[in-house]
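Protein chains in written order, with the working numbering: chain A, 2 to 317; chain B, 873 to 1041. Virtual Cβ for every residue (Gly too), placed ideally from N, Cα, C. First the structure, in the form of C-alpha cells, and then the observations on it.
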Amino acid sequence: MRTFSYERAASPDAAAAAAGQATNAKFIAGGTNLLDLMKLEIETPAHLIDVNGLALDRIDATADGGLRIGALVRNTDLAADGRVRRDYAVLSRALLAGASGQLRNKATTAGNLLQRTRCPYFYDTNLPCNKRKPGSGCAAIGGFSRQHAVIGASEACIATHPSDMAVAMRALDAVIETVRPDGATRTIPIAELHRLPGDHPEVETTLAPGELITAVVLPKPVGGAQAYRKVRDRASYAFALVSVAAIVQPDGSGRVALGGVAHKPWRVEAAEAELPRGAKAVTARLLADARPTRDNAFKLPLAERTLSAVLREARA
Amino acid sequence: MTRVSFDVNGEPHQLELDTRTTLLDALREHLHLTGTKKGCDHGQCGACTVIVDGRRINSCLTLAVMHQGNEITTIEGLGSPEQLHPMQAAFVKHDGYQCGYCTPGQICSAVAVLDEIRAGIPSHVTADLIAPVRLSNAELRERMSGNICRCGAYSNIAEAIGEVAGRSA
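In C-alpha cells, the structure reads:
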C-alpha cells in the first residue's frame, strides 16, 4: 500500500472543503472496497479523509412521507430498519442479498453506491484496463467475460456495477444529496449518478471532484408487491450474474430494474408499460440494445426467466 | 505515524502507527494477539473476524487509526483455555474444525450472529421481513457465509452454533 496522510473530518462541509484543497484525496467510510483496492495499489490516494465521525448515520422521515438515509448508515442497519422492511422491502431484500454479515456491518449507504467494479481484469494489475489505467486497453473484451455487461458497454469497457442496493434504489427513484468543496449542496436523481463507460470508464459517476454524498432520499412509499431476486454462482456471498428489483402494483403496472447487466443499475421506464404482457415483453424492451459477448449471452434469457419468477411471486 | 487508542478485550491500549496499519496487523503485530488470523487479507475469507463495539467486522479491511475509542473483542477476549466461552466449548465438542486456522474468525462471527438474531436483524433467507426472525439451520448457514473453512468442517460448525443457539434461545 502507498503511504498516505490521514485526517478525521469534523463536519460534512469541512470534509468536502478538505477534499477540495488536498491533491489526490479520498473519503473513507466503511473502507471495505477502498482499502482492498489500496492494498493492490489500484487506488493510490495521497490523503484519506475519514468521514466516520460525521453525524450522517440516521434514518429520518421526510416531510412528504419518505425517508432520508444518512450517507453513513450501515448496510445492516438500513436493511433492518422497520420502516424500510415495511415500506421499501425491495431495498431491504437487495441489501441482504449482498456481501457478508461482516461486510454489511461496515459498508455504508454512500460507499455502497460508490463501490467499484469487480471485473477481474480491473483487479489484475498485470493486464490492461481502461478503468484502472486509461488508454491501456480492455482485457475483458476478448477475455473471459461471463460476468460482464450485456448492455450499455463500450469499446473501452464492459465492466458491470456490482451493487445490489443501488438496483433497488433505482427502482425506488432515490435521490442523492451532496455537498461540494465550496459548500454548495445539490440533489442528483439516482438515474443520473452512475455513468455508462463510453470513452472514459475511469469516470464512474457524475460527482464533481471533492463532492461528498451526505444522504439518499427515498420518495414516499409506492406500495405494491416488492421483490429482489439475485442469481449467482453460489447461494450466498457472491456478486450477481443477473438480479431483478421489481415493484408490482395490484393493477399490473410496476417498475423493474436489473443488476449485473450494465455499468449502472439498468432501468428503462418505457419497458415497464409492457408489464401486463409479461416478462418476455418487458425484457425484450429493457434489453433491446443488448450486445452480449459469447460468454455472457446467457444473461439475456436469464434476465427474462428471473423477471418471470419475480412477477409470478409478486402476483401470487 | 498517527496515534490511536482503543480497548482490546477490556484493556486500554495506546499505539502510534503507520496510517497504513490495518486493525488486523495492529492486533497481531503490535499487540501480539495472534489468535486473530490473516487468511486472504481481502475480506473474502472471514478468518480475521473480530467484534468491534458489539459488531463483527473483517479486521483486515479497516485501518487501526479508524478505531479511536472503540471496544474490540478478539478470540482471546471471549474465553481462555481454562474457561472456554460456550461457543468455543461447542466447537470443541462438535469438532467444528480440522486445521483450526479459520476457527477464531468462525467463533467470533458465530457469537455475533446469535446477537444479530436476538436483535431481530433479518437475513437473505428470512422468509417474512415483518415477523420476528426465527432461528433455523438455514438462517445460521446464510449468516455464516462470510467465514470460509477450507477444510470443509461446515456441518460440524453449524451443529456447534445450533447447540449454543438452542441453549441461549
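Residue i burial status per 10 Å Cβ neighbour count (16 or more: buried)
i, result
"residue 212 of chain A", "buried"
"residue 39 of chain A", "buried"
"residue 953 of chain B", "exposed"
"residue 127 of chain A", "exposed"
"residue 978 of chain B", "buried"
"residue 4 of chain A", "exposed"
"residue 277 of chain A", "exposed"
"residue 143 of chain A", "exposed"
"residue 971 of chain B", "exposed"
"residue 139 of chain A", "buried"
"residue 164 of chain A", "buried"
"residue 882 of chain B", "exposed"
"residue 1 of chain A", "The requested residue 1 of chain A is not part of the displayed model; chain A covers only 2 to 317."
"residue 981 of chain B", "buried"
Short CB-CB distance (under 8 Å) between residue i and chain B
i, result
"residue 86 of chain A", "yes"
"residue 304 of chain A", "no"
"residue 89 of chain A", "no"
"residue 164 of chain A", "no"
"residue 107 of chain A", "yes"
"residue 81 of chain A", "yes"
"residue 173 of chain A", "no"
"residue 58 of chain A", "no"
"residue 77 of chain A", "yes"
Interface flag, residue i vs chain A, CB-CB below 8 Å
i, result
"residue 930 of chain B", "yes"
"residue 954 of chain B", "no"
"residue 1047 of chain B", "Examination of residue 1047 of chain B is not possible in this model, given that chain B is present from 873 through 1041 alone."
"residue 944 of chain B", "no"
"residue 1041 of chain B", "Model confidence at residue 1041 of chain B stands at a pLDDT of 47, short of 50, so the residue's coordinates are unreliable; what they give is reported in the following sentence. For residue 1041 of chain B, the answer is no, since every Cβ of chain A falls outside 8 Å of its Cβ."
"residue 898 of chain B", "no"
"residue 948 of chain B", "no"
"residue 941 of chain B", "no"
"residue 988 of chain B", "yes"
Bounding residues of the alpha helix (DSSP H) (the contiguous stretch that carries residue i)
i, result
"residue 948 of chain B", "947–950"
"residue 303 of chain A", "300–316"
"residue 878 of chain B", "First-last for residue 878 of chain B: 874–880, but that is the beta strand (DSSP E), not the alpha helix (DSSP H)."
"residue 141 of chain A", "Run containing residue 141 of chain A: none; DSSP gives neither H nor E here."
"residue 228 of chain A", "Careful: residue 228 of chain A lies outside any alpha helix (DSSP H), inside the beta strand (DSSP E) at 226–232."
Chain B residues whose Cβ lies nearer than 9 Å to that of residue i
i, result
"residue 51 of chain A", "935, 937, 938"
"residue 4 of chain A", "890, 891, 892"
"residue 33 of chain A", "915, 929, 930, 933, 934"
"residue 93 of chain A", "994, 1001"
"residue 234 of chain A", "In chain order: nothing, as chain B lies at least about 13 Å away."
Range covered by the beta strand (DSSP E) that runs through residue i
i, result
"residue 99 of chain A", "From DSSP, residue 99 of chain A is part of no beta strand (DSSP E); its letter is neither H nor E."
"residue 981 of chain B", "Premise fails: residue 981 of chain B lies in the alpha helix (DSSP H), 975–990, not in any beta strand (DSSP E)."
"residue 71 of chain A", "68–71"
"residue 28 of chain A", "26–29"
"residue 906 of chain B", "Run containing residue 906 of chain B: none; DSSP gives neither H nor E here."
"residue 7 of chain A", "6–9"
Near the ligand NAP: residue i beta-carbon under 7 Å from a heavy atom
i, result
"residue 912 of chain B", "Of ligands this structure carries none, so the ligand NAP is not represented either."
Chain A residues whose Cβ lies nearer than 8 Å to that of residue i
i, result
"residue 921 of chain B", "103"
"residue 1011 of chain B", "The contacting residues do not exist; residue 1011 of chain B stays about 11 Å from chain A at best."
Amino acids of chain B, ordered along the chain, whose beta-carbon sits closer than 8 Å to that of residue i
i, result
"residue 7 of chain A", "874, 891, 935, 937"
"residue 126 of chain A", "Correct list: empty, because the minimum Cβ distance to chain B is about 14 Å."
"residue 40 of chain A", "913, 914"
"residue 1 of chain A", "Within the shown structure, residues of chain A are numbered from 2 to 317, placing residue 1 of chain A beyond reach of any answer."
Within chain A, the residues that residue i reaches when beta carbons sit closer than 7 Å
i, result
"residue 995 of chain B", "97"
Neighbouring residues, chain A, relative to residue i (Cβ below 9 Å)
i, result
"residue 951 of chain B", "Those do not exist, as residue 951 of chain B stays about 20 Å from chain A at its closest Cβ, beyond 9 Å."
Practice task
Could you list the residues in the region 975–986 of chain B with a C-beta less than 8 Å from some C-beta on chain A, going in chain order?
Solution key: 981, 984, 985
Practice task
Scan the region 237–251 of chain A for residues whose Cβ lies nearer than 7 Å to a Cβ of chain B and list them as they occur along the chain.
Solution key: Cβ contacts with chain B come from 237, 238.
Handout entry: chain A contacts made by the region 1024–1039 of chain B, where a contact means CB separation under 8 Å
Key = none
Exercise for the section: With 9 Å as the limit, tell me which residues of the region 959–972 of chain B have their beta carbon closer than that to any beta carbon of chain A; keep them in chain order. Expected result: none
Practice task
Anything in the region 900–911 of chain B with a Cβ closer than 7 Å to a Cβ of chain A? List those residues in chain order, please.
Solution key: The region 900–911 of chain B vs chain A, Cβ under 7 Å: nothing.
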